[in-house]
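Numbering (the UniProt record's numbering), first residue to last: 1 to 465. Written out below as structure tokens is the structure these notes cover.
See the structure below:
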């Protein structure tokens, strides 16, 4: 460690050189170039050698080198004007499509996916990629055994683009969508006439659907049960501890002792096997989940088309499960953010006897089925807020809850009806749209003012609009 005082570099490159001379870590890939063509050449070289570097990169940052010029150019509220990032185009590789199989989701949707020879793309090894539905398989023209083009959409999601037709040798074969569920044997069919997807309609007894529903209800966007992961869900089902998710909240420590997954051997001084950490955590987290907000309970029911946004809108309008179950499609459709498709799906779900039985079991087990109606002030009533980027001092869930607790609505997209955009670090395209529409934009300080003092205080701190 050491201190150097009085040094005043005049450029970015000069600063890097001095830092390197002090043995501080700097990149050896930095280059100073003179014109646009040299920038293009540097980018092309970086693309060519990106995978030979000892770390992953997905682009290049181009900066004005001179500090004086940087100062003259200045910054916007979200980024410097003297620097810009160039993101590499998605890398495309080829591999062999070994098989096409199907997966059964929590709502019964049967989705084909490709199983491929492992191949490295965009920094990770990929072996599987979704093909969405049978029509998509036909549209892409892929056959089992094909050499296929593969990329990661947005450098994240593996996507099969199509076949390398010129290397076909006649051994390839077409994929045939199964007619029966691979997990329960039930006949597959569209849920409604005109549906693109086919589904297993054996929702109550299909083990694949039940496993996926259990896993989904424990997710952060539903009941946020940290200990209810895929392995725990499988253990509960395989041991016969629960027949469906209706039995979940009635589980006791003695119940879990019947499944090896939740049991540990006795330690010194203990008599007999004991409930292990997995079991203790599950009981603790299930108890906490019983007090979740109504919208989270609604998401946990795995009603088709009902995600967090729709569930929050419904729970605001109908703050008890009984009220939701009694609402007509017309009632629900009148709720802002709930269209005809969602309304019909909710009504259809509650019309099924075993669904009603499941809700009743949860209620008997102590799951809270209504939200407390606050008599306090609702200063954000009628106010719509869009949150983008990372707000310092706030998690996304906490910020959303803060707005909703005061009567406001949090939307996922910016429109002319948006009252405020709360923008943190890396805000993305929503920030730009807010600028173009003249929507008031607040940072973390402005957002805190909105929550603590209301819209007037937030507008006084807005940086746009």
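Ideal placement from N, C-alpha and C gives every residue a C-beta, glycine not left out. Since we're looking at a predicted model, the values are computed, not measured.
So what does DSSP say about residue 178, is it helix, strand or coil?
It is coil, neither helix nor strand.
Closest to residue 162 by C-alpha separation, out of 176, 178, 145, would be which residue?
Closest by C-alpha distance to residue 162, out of 176, 178, 145, is 145.
Do you know offhand how far residue 104's Cα is from residue 185's?
Roughly 12 Å between the two C-alpha positions.
Residue range of the alpha helix (DSSP H) that residue 61 falls in?
For residue 61, no alpha helix (DSSP H) run applies; the uninterrupted beta strand (DSSP E) run containing it begins and ends at 59 to 63, by DSSP.
Express the C-alpha separation of residue 81 and residue 67 in angstroms, rounding to a whole number.
Rounded to the nearest whole angstrom, the CA to CA distance from residue 67 to residue 81 is 12 Å.
Using DSSP with H/G/I as helix, E/B as strand and the rest coil, what is residue 308?
DSSP places residue 308 in helix when its eight states are reduced to three.
Spell out the partners DSSP gives residue 113 in its beta bridges.
DSSP lists 101, 130 as partners of residue 113.
Going along the chain, which residues of its own chain have a beta-carbon closer than 7 Å to the beta-carbon of residue 427, five neighbours each way excluded?
Correct list, in chain order: 78, 388, 389.
Have a look at the DSSP bridge pairing and note the partners of residue 364.
Paired residue(s): none; residue 364 is not in a bridge.
Endpoints, the beta strand (DSSP E) within which residue 411 is located
First-last of the beta strand (DSSP E) with residue 411: 409 to 411.
Quick check on the DSSP output: the alpha helix (DSSP H) that includes residue 161 runs from which residue to which?
Segment 157 to 163 is the beta strand (DSSP E) holding residue 161; no alpha helix (DSSP H) there.
In three-state DSSP terms, what is residue 429?
Reduced to three states, the DSSP call for residue 429 is helix.
Contact defined as beta carbons within less than 8 Å: I believe residue 278 pairs with residue 262. What is the distance between those atoms, to the nearest angstrom?
About 5 Å separates the two Cβ atoms, so the contact holds.
Would you kindly work out how many angstroms separate the C-alpha atoms of residue 70 and residue 88, rounded to a whole number?
Computed Cα separation, rounded: 25 Å.
Any contact between the region 171 to 185 and the region 134 to 144? By contact I mean 3 or more CB pairs, one from each, below 8 Å.
Result yes; three or more Cβ-Cβ pairs closer than 8 Å.
Quick one: residues in its chain with C-beta nearer than 7 Å to the C-beta of residue 47, no 5 flanking neighbours on either side, listed in chain order?
Beyond the five residues adjoining it in sequence on each side, residue 47 comes within less than 7 Å, by CB distance, of 88 in the same chain, given in chain order.
Could you please give me the residues that DSSP links to residue 188 through a beta bridge?
In DSSP, residue 188 forms a bridge with 200.
Close Cβ partners of residue 446 (< 7 Å) along its chain, the five nearest in sequence each way excluded:
So the list reads 458, 461, 462, once near-sequence residues are dropped.
Grab the span of the alpha helix (DSSP H) containing residue 231 for me, first residue to last.
Residues 230 to 238.
Skipping 5 residues on each side, what residues in its chain have a beta carbon closer than 8 Å to that of residue 199?
Within the same chain, residue 199 has close Cβ partners 107, 108, 109, 110, 188, 189, 190, 191.
Using CA atoms only, rank isn't needed, just tell me which of 295, 434, 424, 309 is closest to residue 321.
For residue 321, the nearest C-alpha among the options comes from 295.
Where residue 211 falls, given that 16 or more other Cβ within 10 Å makes a residue buried
So residue 211 ends up on the buried side.
At 4 residues or longer, what runs of the alpha helix (DSSP H) sit wholly inside the region 313 to 369?
List check, alpha helix (DSSP H) in window: 321 to 326, 329 to 333, 340 to 350, 353 to 364.
Below 8 Å between beta carbons: does that hold for residue 83 and residue 62?
For residue 83 and residue 62, yes; Cβs fall inside 8 Å.
Contact between the region 264 to 283 and the region 295 to 314 (3+ Cβ pairs under 8 Å):
Not touching, per the Cβ criterion.
Between which two residues does the beta strand (DSSP E) harbouring residue 39 extend?
No beta strand (DSSP E) contains residue 39, which is instead part of the alpha helix (DSSP H) from 36 to 49.
Note down, in chain order, each residue of its chain lying with its Cβ closer than 7 Å to the Cβ of residue 233, except the 5 sequence neighbours on either side.
Cβ-Cβ distances below 7 Å link residue 233 to 211, 214, 215 in the same chain, with the five nearest sequence neighbours on each side left out; the list follows chain order.
Using the Cα positions of residue 117 and residue 138, report the straight-line distance between them to the nearest angstrom.
If I take the Cα positions, the gap works out to 21 Å.
Would you identify the three-state DSSP class for residue 151, choosing helix, strand or coil?
Residue 151 sits in a strand when the DSSP states are folded into three classes.
Shortest alpha-carbon distance to residue 50 belongs to which of 123, 115, 330?
Answer by Cα proximity: 123.
Near residue 206, which residues of its chain fall below 8 Å by C-beta distance, leaving aside the five closest residues on each side in sequence?
These residues qualify, in order along the chain: 104, 108, 181, 183, 184, 186, 200.
Tell me which residues share the same chain as residue 209 and place their Cβ nearer than 7 Å to its Cβ, disregarding the 5 neighbours each side in the sequence.
Same-chain partners within the cutoff: 104, 106, 108, 200, 203.
Drop a sphere of 10 angstroms on the beta-carbon of residue 76, count the other beta-carbons inside from all chains shown, and report buried for 16 or more, exposed for fewer.
Label assigned to residue 76: exposed.
Let me confirm a value: residue 268 is counted as buried when at least 16 other C-beta atoms fall within 10 Å, else exposed. Which label applies?
Exposed is the label assigned to residue 268, since fewer than 16 other Cβ atoms lie within 10 Å of its Cβ.
Does the contact criterion of 3 or more C-beta pairs under 8 Å hold for the region 407 to 426 versus the region 379 to 398?
Contact holds: three or more Cβ-Cβ distances are below 8 Å.
Specify, as a first and last residue, the run of the beta strand (DSSP E) that residue 84 falls within.
Element bounds for residue 84: 83 to 87.
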